[in-house]
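2 protein chains.
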Amino acid sequence: MTDTDELLSIRAAELYYEENKTQDEIGTVLRLTRWKVGRLLAQAKASGFIRIEIVHPRARRLSIERRLRESTQLTDAIVVSSAGVSSDEELQSRTAQAAADYLTGLRPVPRTLGISWGRTLHEVSLHLAKGWANGVNVVQINGGVSLNRRAGTAAATAVTIAHKASGAATLLPSPAILERLDTKRAIEADRSVAAVLTLGAAASAYLFSAGQADRNSALVDSGYLTAEQVAELVRKGAVGDIVGRYIDSAGNIVDPELDGRTVGIQLEALRHAKTAIAVIAGGSKHSIARAVVGSGLCTVLVTDEDTALAVLGDDI
Amino acid sequence: MTDTDELLSIRAAELYYEENKTQDEIGTVLRLTRWKVGRLLAQAKASGFIRIEIVHPRARRLSIERRLRESTQLTDAIVVSSAGVSSDEELQSRTAQAAADYLTGLRPVPRTLGISWGRTLHEVSLHLAKGWANGVNVVQINGGVSLNRRAGTAAATAVTIAHKASGAATLLPSPAILERLDTKRAIEADRSVAAVLTLGAAASAYLFSAGQADRNSALVDSGYLTAEQVAELVRKGAVGDIVGRYIDSAGNIVDPELDGRTVGIQLEALRHAKTAIAVIAGGSKHSIARAVVGSGLCTVLVTDEDTALAVLGDDI
DNA sequence: GGTGATGTTGCTCGTGTGAGCATTTGCGCA
DNA sequence: TGCGCAAATGCTCACACGAGCAACATCACC
Numbered sequence: 001m002t003d004t005d006e007l008l009s010i011r012a013a014e015l016y017y018e019e020n021k022t023q024d025e026i027g028t029v030l031r032l033t034r035w036k037v038g039r040l041l042a043q044a045k046a047s048g049f050i051r052i053e054i055v056h057p058r059a060r061r062l063s064i065e066r067r068l069r070e071s072t073q074l075t076d077a078i079v080v081s082s083a084g085v086s087s088d089e090e091l092q093s094r095t096a097q098a099a100a101d102y103l104t105g106l107r108p109v110p111r112t113l114g115i116s117w118g119r120t121l122h123e124v125s126l127h128l129a130k131g132w133a134n135g136v137n138v139v140q141i142n143g144g145v146s147l148n149r150r151a152g153t154a155a156a157t158a159v160t161i162a163h164k165a166s167g168a169a170t171l172l173p174s175p176a177i178l179e180r181l182d183t184k185r186a187i188e189a190d191r192s193v194a195a196v197l198t199l200g201a202a203a204s205a206y207l208f209s210a211g212q213a214d215r216n217s218a219l220v221d222s223g224y225l226t227a228e229q230v231a232e233l234v235r236k237g238a239v240g241d242i243v244g245r246y247i248d249s250a251g252n253i254v255d256p257e258l259d260g261r262t263v264g265i266q267l268e269a270l271r272h273a274k275t276a277i278a279v280i281a282g283g284s285k286h287s288i289a290r291a292v293v294g295s296g297l298c299t300v301l302v303t304d305e306d307t308a309l310a311v312l313g314d315d316i
Numbered sequence: 317m318t319d320t321d322e323l324l325s326i327r328a329a330e331l332y333y334e335e336n337k338t339q340d341e342i343g344t345v346l347r348l349t350r351w352k353v354g355r356l357l358a359q360a361k362a363s364g365f366i367r368i369e370i371v372h373p374r375a376r377r378l379s380i381e382r383r384l385r386e387s388t389q390l391t392d393a394i395v396v397s398s399a400g401v402s403s404d405e406e407l408q409s410r411t412a413q414a415a416a417d418y419l420t421g422l423r424p425v426p427r428t429l430g431i432s433w434g435r436t437l438h439e440v441s442l443h444l445a446k447g448w449a450n451g452v453n454v455v456q457i458n459g460g461v462s463l464n465r466r467a468g469t470a471a472a473t474a475v476t477i478a479h480k481a482s483g484a485a486t487l488l489p490s491p492a493i494l495e496r497l498d499t500k501r502a503i504e505a506d507r508s509v510a511a512v513l514t515l516g517a518a519a520s521a522y523l524f525s526a527g528q529a530d531r532n533s534a535l536v537d538s539g540y541l542t543a544e545q546v547a548e549l550v551r552k553g554a555v556g557d558i559v560g561r562y563i564d565s566a567g568n569i570v571d572p573e574l575d576g577r578t579v580g581i582q583l584e585a586l587r588h589a590k591t592a593i594a595v596i597a598g599g600s601k602h603s604i605a606r607a608v609v610g611s612g613l614c615t616v617l618v619t620d621e622d623t624a625l626a627v628l629g630d631d632i
């Protein structure tokens with residue numbers, strides 16, 4: 001009997017959702033009472049036969065957001081739908097848009113916003129509307145001025161975000177990673193750098209992205225690391241980087257020596273921050289997203305549906 | 317204003333469809349009146365942002381079926397949903413199932429059912445339930461007894477369909493295509509063959525599939541044609557075959573000489589039949605499906621969603 | 001075969017929602 | 001500035017629908 005009922009529920013669902021018939025009409029067609037039809041439809045829904053998707057670049061997955069808030073220590077989660085998305089680029093664009101939206105609606109409005117840099121953050125800056133806030137000062141929290149032709153992207157990101165909020169941008173005039181520890185100590189000791197780091201460590205909110213640990217990493221692209229060095233980090237357990245610092249799946253620094261040569265705020269500053277917004281999207285960033293959320297590096301996660309499910313452990 | 321409205325309609329849709337909130341509740345959250353929310357939802361639906369799919373192996377696409385009935389001369393159309401289908405095999409299986417269902421529900425129950433043979437038809441025979449009808453006699457309408465190890469599939473199909481309907485199967489003891497015209501004439505003249513052909517030409521209903529014109533054709537597979545011969549047929553405009561006869565996109569015989577050596581009922585028998593059910597599924601059969609429907613070779617089409625859209629000319 | 005437990009069916013009632021209409025708002029144009 | 005038109009808004013009404021309940025069928029078990 002259950003088998004016939006299942007088939008009937010499908011026939012009913014077709015008439016209900018595709019043909020917009022009333023349950024009563026469906027009852028007439030299928031020779032059922034109107035209540036039976038209602039129950040069949042409820043059954044079809046409960047069995048997951050009815051899939052309702054909101055196909056729109058700005059659609060979100062509220063149910064996943066709720067699950068994230070409930071099963072992690074995140075105070076907030078923004079999950080963009082991946083319905084109808086083919087490319088990773090589109091996914092990143094959607095996520096960046098969502099991050100811009102979130103930032104715009106953030107209350108209280110941060111006085112100082114600490115930001116990292118990268119493709120994702122840059123896209124966020126472009127998606128922000130002019131006047132998204134009034135008087136937010138932006139400060140870079142990790143090094144990374146131009147080593148290559150990508151010149152100025154990091155700076156442009158900070159300046160754009162600040163400019164669109166009628167605020168000022170404070171840049172961190174330092175490479176991301178230095179070759180020698182004492183050089184790093186020296187540059188950190190420099191007043192112009194130290195002041196920025198102090199400012200960054202005391203920001204009222206943070207906005208940062210994450211990099212995956214592979215040859216496509218932004219740090220490799222920018223010339224701070226070689227593909228081989230990253231491969232070695234992966235061998236040591238690295239899943240990706242946050243503000244230039246490589247972490248393993250437990251959120252721990254993978255290579256203390258390398259980390260010592262990395263310029264930027266400490267991860268602890270993020271861990272203790274009241275508002276730390278991580279923007280992470282794309283299939284290659286599932287592991288790092290998991291590590292970031294799992295180890296409490298952010299209070300807010302802005303991501304795509306698939307990454308969110310990976311964080312929740314729903315994928316296999 | 318339209319832009320904000322679009323965004324609002326998405327937010328409303330999320331709350332309505334994902335969170336099962338009432339329009340009134342949504343109004344409270346978004347600071348809108350309950351009527352505005354209703355209008356936003358209607359707008360979201362009208363704009364196609366809300367996609368409702370019935371994910372089930374036996375789900376059909378009634379709207380496409382209706383369009384087919386309206387814009388072609390088909391008396392009936394069965395279109396199975398391709399939602400959640402990954403492989404062509406699954407699509408064919410779903411379509412075969414639907415064909416079996418249709419045949420079971422066919423009224424008046426045919427006294428004699430003319431059938432072709434092939435992978436698809438064989439699958440239909442397997443999907444038919446025992447006792448799907450009572451006393452239907454099955455007759456093969458085109459030649460094709462075993463030339464290779466696939467031995468007996470054609471016969472098995474006919475016998476299975478007949479057996480499950482407590483009827484008898486009449487096999488056509490002839491190859492599909494003969495090498496010489498006079499051999500074909502001779503075999504046709506043989507009483508045992510002629511009787512079957514006469515019976516087949518007078519069947520009360522037909523059930524047949526179609527083959528695509530490429531190297532994967534069943535006729536190539538069975539050894540009746542070489543891949544080169546098929547390629548030559550394609551050059552002449554062939555899009556596929558029906559009951560062993562290759563036709564072009566207009567439904568005309570492509571190669572009269574070859575057709576003269578093909579044993580089976582004439583296409584005209586199908587064109588004039590009261591009930592001619594074509595079962596055609598899979599991405600490679602779009603053209604042949606189009607040709608069959610366009611040239612009136614069937615009165616009923618059982619197919620998959622994508623093929624149906626191709627027949628309607630919705631693809632590009 | 002009787003009896004209780006469980007699931008199914010038919011129904012009442014209240015609520016959510018869409019159609020249709022009155023009213024207001026916004027906007028172009030004189 | 002004022003007028004007229006169109007679009008958006010607020011509302012009434014009717015109705016489709018789900019929750020909850022009573023009656024009934026079904027089945028296991030004594």
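If you read the protein sequences in the order shown, they are chains A and B. The first sequence runs contiguously to residue 316 in the working numbering. The second sequence runs contiguously to residue 632 in the working numbering. Cβ atoms here follow ideal geometry from the backbone N, Cα and C, with glycine treated the same way.
Check	Outcome
Are the region 298–309 of chain A and the region 222–235 of chain A touching, with three or more C-beta to C-beta distances below 8 Å?	no
Scan the region 526–613 of chain B and note each continuous beta strand (DSSP E) run of 3 residues or more that stays entirely inside, going in chain order.	554–558, 561–564, 592–596
List the endpoints of the continuous beta strand (DSSP E) containing residue 112 of chain A.	112–115
Secondary structure at residue 328 of chain B, three-state DSSP: helix, strand or coil?	helix
Who are the neighbours of residue 378 of chain B on chain A, taking C-beta pairs under 8 Å?	14, 15, 18, 19
Can you list the residues of chain A that residue 374 of chain B reaches, using a CB-CB cut of under 8 Å?	7, 10
According to the neighbour-count rule (16 or more other Cβ atoms, all chains shown, within 10 Å of its Cβ), is residue 13 of chain A buried or exposed?	buried
Find the residues of chain A that neighbour residue 301 of chain B, judging by a C-beta separation of less than 9 Å, and give them in chain order.	The structure shown does not extend to residue 301 of chain B, since chain B spans only 317 to 632, so no value can be given for it.
Would residue 95 of chain A and residue 304 of chain A qualify as a contact pair, given that the criterion is a beta-carbon distance under 8 Å?	yes
Enumerate in chain order the residues of its own chain whose CB-to-CB distance from residue 111 of chain A is below 6 Å, with the five nearest sequence positions on each side excluded.	204
Indicate the three-state DSSP secondary structure (helix, strand or coil) for residue 54 of chain A in the structure shown.	strand
For residue 463 of chain B, does the three-state DSSP call read helix, strand or coil?	Confidence is the limiting factor: at residue 463 of chain B the pLDDT is only 48, short of 50, which leaves the residue's position unreliable, though a coordinate-based value still follows. Correct three-state label for residue 463 of chain B: coil.
Quick one: residues in its chain with C-beta nearer than 8 Å to the C-beta of residue 465 of chain B, no 5 flanking neighbours on either side, listed in chain order?	Bear in mind that a pLDDT of 49 at residue 465 of chain B, under 50, signals an unreliable position, so the model cannot answer this.
Quick one: using the 10 Å Cβ neighbour count with 16 as the cut-off for buried, is residue 623 of chain B buried or exposed?	buried
In whole angstroms, what is the alpha-carbon distance linking residue 383 of chain B and residue 377 of chain B?	10 Å
Following the continuous beta strand (DSSP E) through residue 77 of chain A, name the residue where it begins and the one where it ends.	76–80
Less than 8 Å separating the beta-carbons of residue 77 of chain A and residue 53 of chain A?	no
What three-state label does DSSP hand residue 311 of chain A in the structure shown?	helix
Would the beta-carbon of residue 494 of chain B fall within 8 Å of that of residue 456 of chain B?	no
Residue 140 of chain A by DSSP, collapsed to three states: which one?	strand
Nearest CA to the CA of residue 193 of chain A: which residue from A:175, A:182, A:208?	A:175
Exposed or buried, residue 87 of chain A, counting other C-beta atoms within 10 Å across all chains shown (16 or more means buried)?	exposed
Got a sec, what are the start and stop residues for the beta strand (DSSP E) residue 24 of chain A sits in?	Not the beta strand (DSSP E): residue 24 of chain A falls in the alpha helix (DSSP H), residues 23–30.
Can you tell me whether residue 127 of chain A is buried or exposed? The criterion is at least 16 other CB atoms within 10 Å of its CB, across all chains shown.	buried
Nearest-angstrom Cα distance between residue 382 of chain A and residue 336 of chain B?	Residue 382 of chain A lies beyond the stretch modelled for chain A, which goes from 1 to 316, so this question has no answer here.
Could you check the C-alpha separation between residue 189 of chain A and residue 258 of chain A for me, to the nearest Å?	18 Å
Since residue 104 of chain A and residue 129 of chain A are thought to touch, with beta carbons under 8 Å apart, how far apart are those beta carbons, to the nearest angstrom?	7 Å
Please look up how many angstroms separate the CB atoms of residue 558 of chain B and residue 526 of chain B, rounded, as I've assumed it's under 8 Å.	5 Å
Is there at least one Cβ from chain B nearer than 8 Å to residue 301 of chain A's Cβ?	no
Which residues in the same chain have their Cβ closer than 7 Å to the Cβ of residue 408 of chain B, if we skip the five residues on either side of it in sequence?	436, 439, 597, 598
By alpha-carbon positions, which one of A:154, A:24, A:56 ends up nearest to residue 219 of chain A?	A:154
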